[in-house]
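Each protein sequence line maps, in turn, to chains L and V.
Mapping of the first sequence onto my numbering: residues 1 to 229, in sequence order.
Mapping of the second sequence onto my numbering: residues 1 to 229, in sequence order.
The block underneath contains the structure these notes are about, expressed in structure tokens.
2 protein chains.
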Amino acid sequence: MAQTEEVKVLGAWPSPFVMRARIALHLKKVDYEFIVETMNPKSELLLTSNPVHQKIPVLFHNGKPINESLVILQYIDETWTSTHPILPANSYDRAIARFWASYIDDKWFPLLWQFLKPKSDEEKEALLGRVFEGVKLLEEALRTCGKGGKWFGGDAVGYVDIILGSFLGWIRVVDKLWGVKVLDGDKFPSLVEWADAFCEEEEVKSVMPETEKLMEFAIARFGDPAPSK
Amino acid sequence: MAQTEEVKVLGAWPSPFVMRARIALHLKKVDYEFIVETMNPKSELLLTSNPVHQKIPVLFHNGKPINESLVILQYIDETWTSTHPILPANSYDRAIARFWASYIDDKWFPLLWQFLKPKSDEEKEALLGRVFEGVKLLEEALRTCGKGGKWFGGDAVGYVDIILGSFLGWIRVVDKLWGVKVLDGDKFPSLVEWADAFCEEEEVKSVMPETEKLMEFAIARFGDPAPSK
């Protein structure tokens, strides 16, 4: 794509939030430079471009920084409008997409993330029950706001697909660490089909981390939460 | 305003989140019916229209429910587009507004809310320090993204004004309960001026709760966290 503007993403490969920005840029066919943030210590660039949260990703568009993955996704959609809409066109459908985005980030994923800490069998079962309640809601959401289609938003990968899809690597890590199956095909057939289709998209493949590599990263960073598995 | 469509808000007067939806509708000059949710027990209407969170506000537009105050604000802005824009027109300014919206709701207000629980003098001072750090960021944000103007987003009350402004009643309750001054005019002159101007807006006046009444509500609901004040 001919492009006079300068687009950069500051991030790291294991971060689902960074992946979101990259997938959106891939879908929009926007060229960008990927700057690797090592995090330890945090780079001067990160500290100055996201002083409030000091978190990745940061998107730079012609030198201006934009923080927070959901803000970045909407910025990308509203800036490069001529290719591949990310949010639905209709304002009600957009509201539904934003609702699920917030549910996934604020309610559901924090539950899954708790699996990176050691827990007893009882705690594991209780937590898994709550995680499954959420997956059930998402399975229903896929069927209803996806209007029976393959994706959450309609005919192509969109906002909710990117947001939930960016967590697939970490879902698989939790599966492996704990010997569970968060996305169980018997219980959640639509969601499992959706997950497979998402990972097959060209724009996703190059940034979706390999499960083994991500698991090594997780254990190196947080320790093995279930060493006796 | 001549209106063939049906707009309703399910809510309660002490809720800052409900106030947001109402202020936005006032700014857009959209007539609506206000349905009082008593919360205890939760109404059938609330349970069926927001089954995931069971929280107010719920906006109904021609029978369709929309949940979550930030989603509702954006829906209102994107649905009634001919009057009073709520989010800025430019995609970068919108990203900045969304960034601060998320900061206020996810980081800053949860700190302030902790003042509704009893705490020791030391805990109070530590918490107040963290609250002030946030207020300082918001004072700077008002000066920079408000471009030196009266409001966060530009020339008129907008997204961030509504989101932070809806908390002014609760900020005053915290001031009274604990004998503090969260919005101290000596430290944060721009923000104090902004708060006064916000409360003077016609669209805000009718829904901004009286501090005494809100404090009575808070004590009845949560108990007096600082009885020895």
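For each residue, glycine too, the CB sits at the ideal point set by N, CA and C.
All values derive from a computational prediction rather than experimental measurement.
Query raised in the report: How is P227 of chain V classed by DSSP in three states: helix, strand or coil?
Result: coil
Query raised in the report: V52 of chain L touches chain V at which residues, Cβ-Cβ below 7 Å?
Result: Y103, L137
Requested in this report: Identify whether V30 of chain V lies in helix, strand or coil by the three-state DSSP scheme.
Outcome: coil
Query raised in the report: In chain V, which residues lie with their C-beta within 7 Å of the C-beta of R98 of chain L?
Result: V71, Q74
Query raised in the report: Span of the beta strand (DSSP E) holding G11 of chain V?
Result: 7 to 11
Query raised in the report: Buried or exposed: where does C145 of chain L fall if 16 or more other Cβ atoms within 10 Å of its Cβ makes it buried?
Result: buried
**Report entry** Every unbroken alpha helix (DSSP H) inside the segment 166 to 215 of chain V [4 residues or more]
**Finding:** 168 to 178, 189 to 200, 202 to 205
Requested in this report: Between the Cα of I76 of chain V and those of V:H53, V:S102, V:I23, spot the shortest distance and give me the residue it belongs to.
Outcome: V:I23
**Report entry** Counted within 10 angstroms of its Cβ, other Cβ atoms place V182 of chain L as buried (16 or more) or exposed
**Finding:** buried
Report task. Give the straight-line distance between the Cα atoms of A95 of chain L and W170 of chain V, rounded to the nearest whole angstrom. Result -> 27 Å
Query raised in the report: Can you give the Cα-Cα distance for T79 of chain V and N40 of chain L, rounded to whole angstroms?
Result: 45 Å
Query raised in the report: Taking Cβ positions, are E5 of chain L and N67 of chain L nearer each other than 8 Å?
Result: no
Query - Same chain, Cβ closer than 6 Å to N50 of chain V, neighbours up to 5 away in sequence not counted - result: V58, N67
Report task. Mind checking which residues open and close the beta strand (DSSP E) that includes I66 of chain V? Result -> 64 to 67
**Report entry** Contact list for S206 of chain L against chain V, beta-carbon separation under 8 Å
**Finding:** The contacting residues do not exist; S206 of chain L stays about 25 Å from chain V at best.
Query raised in the report: Which residues in the same chain have their Cβ closer than 6 Å to the Cβ of E139 of chain V, if we skip the five residues on either side of it in sequence?
Result: F188, S190, L191
**Report entry** One or two residues paired with H84 of chain V in a DSSP bridge
**Finding:** Looking at the DSSP assignment, H84 of chain V forms no beta bridge with any residue, so it has no partner.
Requested in this report: Express the C-alpha separation of V160 of chain L and R98 of chain L in angstroms, rounding to a whole number.
Outcome: 8 Å
Query raised in the report: Between which two residues does the alpha helix (DSSP H) carrying L116 of chain V extend?
Result: Looking at the DSSP string, L116 of chain V is not in any alpha helix (DSSP H), and its letter there is neither H nor E.
Requested in this report: Determine the DSSP secondary structure at I35 of chain V, reduced to helix, strand or coil.
Outcome: strand
Query raised in the report: Shorter than 8 Å from the beta carbon of S15 of chain L to some beta carbon of chain V?
Result: no
Query raised in the report: Does the beta carbon of E5 of chain V come closer than 8 Å to any beta carbon on chain L?
Result: no
Query raised in the report: DSSP puts L59 of chain L in a beta bridge; with which residues?
Result: L:V9, L:I66
Query raised in the report: Taking the alpha-carbon positions, what's the D155 of chain V to K107 of chain L distance?
Result: 35 Å
Query - Beta-carbon neighbours of R94 of chain V, restricted to chain L and to distances below 7 Å - result: E78
Query raised in the report: In chain V, which residues lie with their C-beta within 7 Å of the C-beta of S190 of chain L?
Result: Residues of chain V passing the Cβ test: none, with the nearest at roughly 18 Å.
Query raised in the report: Taking 8 Å as the CB-CB cut-off, is N67 of chain V touching chain L?
Result: yes
Query raised in the report: Helix or strand or just coil, what does DSSP make of F217 of chain L?
Result: helix
Query raised in the report: Would a check of beta-carbon distances place S49 of chain V closer than 8 Å to chain L?
Result: no
Query raised in the report: Should H82 of chain V be flagged as near chain L, meaning a C-beta pair shorter than 8 Å?
Result: Here residue 82 of chain V is Ser; the residue named in the question, His, does not match the sequence. Chain L contact via Cβ: absent.
Query raised in the report: Within 8 Å (strictly less), CB to CB, does K64 of chain V reach chain L?
Result: yes
Query - Nonlocal neighbours in the same chain, by C-beta distance under 6 Å from P65 of chain L, ignoring five residues either side - result: S49, V58
Report task. For K150 of chain L, I'd like the list of residues in its chain whose CB is within less than 8 Å of its CB, leaving aside the five on either flank, ordered along the chain. Result -> E193, W194, A197
**Report entry** Proximity of I162 of chain L and L73 of chain L at Cβ, strictly below 8 Å
**Finding:** yes
Query raised in the report: Is A89 of chain L helix, strand or coil by DSSP?
Result: coil
Query raised in the report: How close, in whole Å, do the beta carbons of G158 of chain L and I104 of chain L come, if the pair is a contact with beta carbons under 8 Å?
Result: Contact doesn't hold; Cβ gap of about 13 Å is too wide.
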